[in-house]
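Student: Protein sequences appear in the order of chains A and B.
Note that numbering that gives the first Met the number 0 gives residue 249 to position 250 of the first sequence, counting from 1, and the numbers run on in steps of one.
Note that numbering that gives the first Met the number 0 gives residue 286 to position 287 of the second sequence, counting from 1, and the numbers run on in steps of one.
Pasting a structure below so you can have a look.
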Amino acid sequence: MSVTTGPAAMSLGDGHAAALRRDRTIERWLMLSLAAPALLLVFVCLIVPVGWLFYLSFFTDGGVATLDNYRHLVEQPSYARIFWTTFKVSALTTAICAVLGYPLAYFMSQLPARAANLCMILVLLPFWTSLLVRTYAWLVLLQRTGLINTWGMQLGLWSEPLPLVNNMTGTLIGMVHIMLPFIVLPLYGSMRTIDRTLVQAAANLGASPVQSFVRVFLPLSLPGLTAGALVVFILCLGFYITPEVLGGGRVTMVSSRIATDIDTFLNWGSASALGAVLLLLTLILLWVASRLAKGLSLVGAGH
Amino acid sequence: MASASALDIHVRQVTKSYGAIVVLDRVDLHVQAGEFLTLLGPSGSGKTTLLMVLAGFTRPDSGSILFGSEEVIRLAPQKRDLGMVFQNYALFPHMNVAGNIAFPLRLRKVGAAEIAKRVEAALEMVQLGGYGTRGIHELSGGQRQRVALARALVFEPRIILMDEPLSALDKQLRELMQLELRRLHEKLGTTTIYVTHDQREALTMSDRIAVINKGKLAQLDSPRHIYSKPNSRFVAEFIGESTFLNVAASGGVCRYRDTVIKADAAPVREGRCLLMIRPEQVQIVDGAASDNMNCFSGRIVGRVFQGDTLRIDVDLGGGEAITLRVPANSAGLQSMPADRESITLGLSVADTTLLPAED
Numbered sequence: 000m001s002v003t004t005g006p007a008a009m010s011l012g013d014g015h016a017a018a019l020r021r022d023r024t025i026e027r028w029l030m031l032s033l034a035a036p037a038l039l040l041v042f043v044c045l046i047v048p049v050g051w052l053f054y055l056s057f058f059t060d061g062g063v064a065t066l067d068n069y070r071h072l073v074e075q076p077s078y079a080r081i082f083w084t085t086f087k088v089s090a091l092t093t094a095i096c097a098v099l100g101y102p103l104a105y106f107m108s109q110l111p112a113r114a115a116n117l118c119m120i121l122v123l124l125p126f127w128t129s130l131l132v133r134t135y136a137w138l139v140l141l142q143r144t145g146l147i148n149t150w151g152m153q154l155g156l157w158s159e160p161l162p163l164v165n166n167m168t169g170t171l172i173g174m175v176h177i178m179l180p181f182i183v184l185p186l187y188g189s190m191r192t193i194d195r196t197l198v199q200a201a202a203n204l205g206a207s208p209v210q211s212f213v214r215v216f217l218p219l220s221l222p223g224l225t226a227g228a229l230v231v232f233i234l235c236l237g238f239y240i241t242p243e244v245l246g247g248g249r250v251t252m253v254s255s256r257i258a259t260d261i262d263t264f265l266n267w268g269s270a271s272a273l274g275a276v277l278l279l280l281t282l283i284l285l286w287v288a289s290r291l292a293k294g295l296s297l298v299g300a301g302h
Numbered sequence: 000m001a002s003a004s005a006l007d008i009h010v011r012q013v014t015k016s017y018g019a020i021v022v023l024d025r026v027d028l029h030v031q032a033g034e035f036l037t038l039l040g041p042s043g044s045g046k047t048t049l050l051m052v053l054a055g056f057t058r059p060d061s062g063s064i065l066f067g068s069e070e071v072i073r074l075a076p077q078k079r080d081l082g083m084v085f086q087n088y089a090l091f092p093h094m095n096v097a098g099n100i101a102f103p104l105r106l107r108k109v110g111a112a113e114i115a116k117r118v119e120a121a122l123e124m125v126q127l128g129g130y131g132t133r134g135i136h137e138l139s140g141g142q143r144q145r146v147a148l149a150r151a152l153v154f155e156p157r158i159i160l161m162d163e164p165l166s167a168l169d170k171q172l173r174e175l176m177q178l179e180l181r182r183l184h185e186k187l188g189t190t191t192i193y194v195t196h197d198q199r200e201a202l203t204m205s206d207r208i209a210v211i212n213k214g215k216l217a218q219l220d221s222p223r224h225i226y227s228k229p230n231s232r233f234v235a236e237f238i239g240e241s242t243f244l245n246v247a248a249s250g251g252v253c254r255y256r257d258t259v260i261k262a263d264a265a266p267v268r269e270g271r272c273l274l275m276i277r278p279e280q281v282q283i284v285d286g287a288a289s290d291n292m293n294c295f296s297g298r299i300v301g302r303v304f305q306g307d308t309l310r311i312d313v314d315l316g317g318g319e320a321i322t323l324r325v326p327a328n329s330a331g332l333q334s335m336p337a338d339r340e341s342i343t344l345g346l347s348v349a350d351t352t353l354l355p356a357e358d
């Protein structure tokens with residue numbers, strides 16, 4: 000490598016430092032401009048309305064500033080019940096999705112790429128039909144005179160129609176069906192990246208299939224499981240159609256109550272307060288969950 | 000040096016095919032107790048498949064494998080009690096160094112105090128003392144390699160398998176690790192099977208080398224022998240450099256262009272044979288050649304300086320050529336004949352090796 004000397008080197012001055020710095024800045028702004036449309040959309044469609052609702056929740060219908068909307072939430076036991084139902088339905092749906100989705104994702108992750116892609120299409124197939132159609136389809140299947148009860152009784156499996164719909168059971172069946180792909184996708188993604196030789200190494204070192212699953216595969220698939228469970232849980236919190244149709248009025252979740260407040264009572268303040276509290280509770284829950292996960296991973300680091 | 004507990008391995012008629020592709024074709028192999036045996040072959044030769052069959056990860060179609068006197072062909076991998084070093088190390092990313100090494104001990108229900116002691120001893124053995132609390136992602140390639148080795152050795156397995164463990168390391172580190180692995184093997188005396196496609200690595204480390212080609216065992220011999228007395232053109236070309244001359248064998252004598260080739264051994268068969276010439280075994284002959292040499296005359300057509308040696312291509316006419324190497328010291332460089340000059344090359348009778356020609 001030769002070193003440039005003489006007039007040519009001298010005339011470089013600061014070696015274009017200022018110009019290069021300017022180029023870098025321009026590049027950074029150009030990159031940012033790629034995100035600008037999305038940022039604008041988020042601002043207009045999310046930040047502004049949520050902020051507006053939050054603002055509304057501090058006023059009565061007459062426009063008088065008040066904390067009444069929040070006092071009602073605390074004082075009326077029906078609200079506590081609604082929140083409890085919402086979190087219970089969401090947690091149960093998430094748990095059932097995890098139990099059903101994990102083996103499915105595992106199966107798919109072990110398939111050759113072509114077969115796995117085919118399975119993925121099958122998993123995603125429900126997305127191609129409307130959510131409302133799928134929910135009503137479940138109603139047809141699950142009702143007292145529906146396909147499942149008719150067949151079950153004709154085959155003599157049970158004698159009375161089972162209460163499969165217009166209750167918690169129906170709601171959970173419908174919600175699990177709709178939510179399953181949301182947990183399978185991230186799970187499959189994280190399992191696909193787990194190096195197969197790690198499981199072989201575990202076996203080589205003396206681990207039975209169960210031991211190598213528990214000690215190696217499961218911990219490595221946890222990020223996918225956590226991500227999927229979070230997505231499902233959060234989507235469930237805001238679910239409206241499925242609990243309304245399949246719950247038969249017996250499963251009232253926060254979103255149903257918000258709809259009633261607005262549709263029936265035109266009470267924007269109360270509906271906004273419900274939304275704000277749900278958002279707050281969700282954030283607290285996520286924070287606690289992330290703290291717990293961090294603690295667990297610290298404890299587990301040495302093992 | 001075999002330790003008392005070292006096992007020998009009998010591989011008998013092991014066959015494995017994927018559809019129409021035969022990966023292992025009735026392989027027979029006897030690995031002696033305490034031996035360092037290398038499976039050497041080009042990629043796709045079946046050497047890794049054979050290792051995976053030994054480890055229990057690949058189920059062969061037929062055959063028998065004995066560890067000592069125990070038949071293991073159907074035994075699950077976790078019951079084979081083998082230590083394996085994987086090509087990509089296969090260290091558990093969610094455990095630290097000590098956790099990885101303790102893994103096989105925990106499975107064997109070893110007590111905590113004993114585990115701590117043995118993990119530290121294993122780390123000392125691979126010269127990583129005090130690294131126990133490091134995360135796997137904090138280690139360099141060479142350090143990961145050592146951790147993988149420690150993990151494979153810590154539970155004192157009956158047999159050690161290594162699948163190209165050094166292929167991801169840079170040249171200097173690789174050569175250092177080769178000597179270190181060799182030293183460890185001499186200390187422990189565990190039967191070791193090592194897979195590589197690097198002939199130099201195989202020559203450096205092995206007690207014996209098994210050359211695998213197209214799912215078959217091509218030759219099994221000591222490094223010295225396999226280099227100097229390969230049994231086929233494939234082995235000769237795969238291990239070391241060589242040029243070949245077509246010779247005709249009849250009546251137990253070989254002739255190259257009507258000149259009798261003097262050799263210690265009679266040609267392997269009648270008809271067409273190959274004379275193998277290693278570049279460092281031929282020399283330039285000045286004046287009269289001695290009796291124990293076969294001589295070839297030709298014309299220099301190329302000289303390339305390659306640092307430690309000078310590579311010279313000599314054209315014998317008729318489309319045949321010999322490549323030789325002379326040390327690139329000042330004496331060698333000065334006495335070098337010029338380009339296009341006619342020279343005579345000598346190959347000593349002891350180095351004269353005849354191979355069967357492929358049809």
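Ideal Cβ positions, reconstructed from N, Cα and C, are used throughout, including at glycine.
(1) List, in chain order, every chain A residue whose beta-carbon is nearer than 8 Å to that of B:N328.
(2) Can you find a C-beta in chain A that's less than 8 Å from the C-beta of B:M0?
(3) Give a yes or no on whether 8 Å exceeds the smallest Cβ distance from A:T168 to chain B.
(4) Going by DSSP, which residues form a beta bridge with B:F35?
(5) Can you tell me which of the three DSSP states A:Y239 falls into?
(6) For A:Q109, count neighbouring Cβ atoms within 10 angstroms of its own Cβ and tell me buried if that reaches 16, exposed if not.
(7) If we count the other Cβ atoms within 10 Å of its Cβ and call it buried at 16 or more, is A:R23 buried or exposed?
(8) For B:D312, name the three-state secondary structure that DSSP assigns.
(9) What beta strand (DSSP E) runs, 3 residues minimum, are completely inside the segment 216-284 of chain B?
(10) Can you name the start and end residues of the alpha helix (DSSP H) that A:C96 belongs to?
(11) What would DSSP say about B:M292, mapped onto helix, strand or coil?
(12) Considering B:L160, what are the terminal residues of the beta strand (DSSP E) in which it resides?
(13) Indicate whether A:N203 and B:M83 have their beta-carbon atoms separated by less than 8 Å.
(14) Using a Cβ-Cβ cut-off of less than 7 Å, give me the residues of the segment 209-237 of chain A that come near chain B, in sequence order.
(15) Please confirm whether B:Q77 has its beta-carbon closer than 8 Å to some beta-carbon of chain A.
(16) Can you tell me where the alpha helix (DSSP H) with A:A202 in it begins and where it stops?
(17) Is A:G14 helix, strand or coil by DSSP?
(18) Using the Cα positions of B:G345 and B:S166, report the straight-line distance between them to the nearest angstrom.
(19) So with CB distances below 7 Å, who are the chain B contacts of A:T196?
(20) Quick check: the Cα distance between B:P222 and A:L179, rounded to an integer number of angstroms?
(21) Can you tell me whether B:I64 is buried or exposed, with buried defined as 16 or more other CB within 10 angstroms of its CB?
(22) So with CB distances below 9 Å, who are the chain B contacts of A:A112?
(23) Could you have a look at B:G82 and say whether DSSP puts it in helix, strand or coil?
(24) Mind checking whether B:A121 and B:L90 have CB atoms under 8 Å apart?
(25) Would you verify that the beta carbon of B:A54 is, or is not, closer than 8 Å to some beta carbon of chain A?
(26) From what residue to what residue does the beta strand (DSSP E) around B:R25 run?
(27) At 3 residues or longer, and completely inside the segment 152-236 of chain A: list those beta strand (DSSP E) runs for me, N to C.
(28) In the structure shown, what three-state DSSP assignment does B:N95 receive?
(29) To the nearest angstrom, how far is it from the Cα of B:D27 to the Cα of A:G294?
(30) Is it right to say A:A342 is buried, meaning 16 or more other beta carbons lie within 10 angstroms of its own, or is it exposed?
(31) Buried or exposed: A:L52, going by 16 or more other Cβ atoms within 10 Å of its Cβ?
(32) How many angstroms separate the CA atom of B:N87 from the CA atom of A:D194?
(33) Span of the beta strand (DSSP E) holding B:Q12?
(34) Using only alpha-carbon positions, find the residue among B:Q218, B:T14, B:R143 that is nearest to B:D60.
(35) What's the gap between the Cα of B:Q333 and the Cα of B:V21?
(36) Following the continuous beta strand (DSSP E) through B:E319, name the residue where it begins and the one where it ends.
Tutor: For this structure:
(1) On the second sequence, residue 328 of chain B is found 329 positions in, with the first residue counted as 1. Identification of chain A residues near B:N328 by a Cβ-Cβ cut-off of 8 Å yields none; the smallest Cβ-Cβ distance measures about 29 Å.
(2) As a position in the second sequence, residue 0 of chain B is number 1, starting the count at 1. Low local confidence applies: a pLDDT of 44 at B:M0 is under 50, so the model's placement there is unreliable, and no value is given.
(3) Walking along the first sequence from the start, residue 168 of chain A turns up at place 169. With respect to chain B, the C-beta atom of A:T168 has no partner C-beta closer than 8 Å.
(4) Along the second sequence, read from residue 1 onward, the residue named residue 35 of chain B stands at position 36. BP columns for B:F35 point to B:T191.
(5) The residue given as residue 239 of chain A occupies position 240 in the first sequence. If DSSP states are grouped into helix, strand and coil, A:Y239 belongs with coil.
(6) In the first sequence, the residue the question calls residue 109 of chain A occupies position 110. Label assigned to A:Q109: exposed.
(7) Counted from its first residue, the first sequence places residue 23 of chain A at position 24. So A:R23 ends up on the exposed side.
(8) Numbered from 1 along the second sequence, position 313 holds the residue referred to as residue 312 of chain B. Correct three-state label for B:D312: strand.
(9) Whole beta strand (DSSP E) segments, 3+ residues: 242-249, 252-255, 258-260, 270-276, 281-284.
(10) Here the question's residue 96 of chain A lines up with position 97 in the first sequence. In the DSSP annotation of this structure, the continuous segment of the alpha helix (DSSP H) that includes A:C96 starts and ends at 76-109.
(11) As a working note, residue 292 of chain B is residue 293 in the second sequence. In the three-state DSSP reduction, B:M292 falls in the strand class (E or B).
(12) One-based indexing of the second sequence puts residue 160 of chain B at position 161. From DSSP, the beta strand (DSSP E) with B:L160 extends over 158-162.
(13) Here residue 203 of chain A corresponds to residue number 204 of the first sequence, with the count starting at 1. Here residue 83 of chain B corresponds to residue number 84 of the second sequence, with the count starting at 1. In this structure, the beta-carbon distance from A:N203 to B:M83 falls below 8 Å.
(14) Along the segment 209-237 of chain A, the positions whose C-beta sits under 7 Å from a C-beta of chain B are Q210, V215, P218, L219, read in chain order.
(15) Taking the second sequence and counting its residues from 1, the one referred to as residue 77 of chain B is at position 78. Yes, B:Q77 lies at the interface with chain A (some Cβ there is under 8 Å from its Cβ).
(16) As a working note, residue 202 of chain A is residue 203 in the first sequence. Element bounds for A:A202: 195-203.
(17) By 1-based counting over the first sequence, the position of residue 14 of chain A is 15. Here A:G14 sits in coil by DSSP.
(18) The count along the second sequence starts at 1 and reaches residue 345 of chain B at position 346. The count along the second sequence starts at 1 and reaches residue 166 of chain B at position 167. Approximately 38 Å between the Cα atoms of the pair.
(19) What you label residue 196 of chain A is simply residue 197 of the first sequence in a count that begins at 1. Ordered by position in chain B, the residues that pass the 7 Å Cβ test against A:T196 are F85, N87, A89.
(20) Here residue 222 of chain B refers to the residue found at position 223 of the second sequence. Here residue 179 of chain A refers to the residue found at position 180 of the first sequence. A straight-line Cα-Cα distance of about 59 Å links B:P222 and A:L179.
(21) Indexing the second sequence from 1 puts residue 64 of chain B at position 65. That one is buried.
(22) For this step, residue 112 of chain A is matched to residue 113 along the first sequence. Counting only Cβ-Cβ distances below 9 Å, A:A112 has no contacts in chain B at all, with the closest Cβ about 17 Å away.
(23) Numbered from its first residue, the second sequence carries residue 82 of chain B at position 83. Strand.
(24) Counting from one through the second sequence, the residue named residue 121 of chain B turns up at place 122. Counting from one through the second sequence, the residue named residue 90 of chain B turns up at place 91. Taking 8 Å as the Cβ cut-off, B:A121 and B:L90 do not qualify as a contacting pair.
(25) Taking the first residue of the second sequence as position 1, residue 54 of chain B is located at position 55. The beta carbon of B:A54 falls within 8 Å of a beta carbon belonging to chain A, placing the residue at that interface.
(26) Stepping through the second sequence from its first residue, residue 25 of chain B is reached at position 26. Counting along the chain, the beta strand (DSSP E) containing B:R25 begins and ends at 20-30.
(27) Complete beta strand (DSSP E) runs here, min 3: none at all.
(28) Looking up residue 95 of chain B in the second sequence gives position 96. Under the three-state reduction of DSSP, B:N95 is assigned to strand.
(29) Translated into positions along the second sequence, residue 27 of chain B becomes position 28. Translated into positions along the first sequence, residue 294 of chain A becomes position 295. The straight-line gap from Cα to Cα measures roughly 54 Å.
(30) Examination of residue 342 of chain A is not possible in this model, given that chain A is present from 0 through 302 alone.
(31) Stepping through the first sequence from its first residue, residue 52 of chain A is reached at position 53. Counting every other CB atom within 10 Å of its CB across the protein chains shown gives A:L52 a total of 16 or more, marking it as buried.
(32) Indexing the second sequence from 1 puts residue 87 of chain B at position 88. Indexing the first sequence from 1 puts residue 194 of chain A at position 195. The alpha-carbon atoms of B:N87 and A:D194 are separated by roughly 10 Å.
(33) Looking up residue 12 of chain B in the second sequence gives position 13. Where B:Q12 is concerned, the enclosing beta strand (DSSP E) stretches over 8-17.
(34) Along the second sequence, read from residue 1 onward, the residue named residue 60 of chain B stands at position 61. If we check each option's Cα against that of B:D60, B:T14 comes out closest.
(35) Position 334 of the second sequence, counted from the start, is the residue given in the question as residue 333 of chain B. Position 22 of the second sequence, counted from the start, is the residue given in the question as residue 21 of chain B. Rounded to the nearest whole angstrom, the C-alpha separation of B:Q333 and B:V21 is 53 Å.
(36) The residue labelled residue 319 of chain B in the question sits at position 320 within the second sequence. First-last of the beta strand (DSSP E) with B:E319: 319-326.
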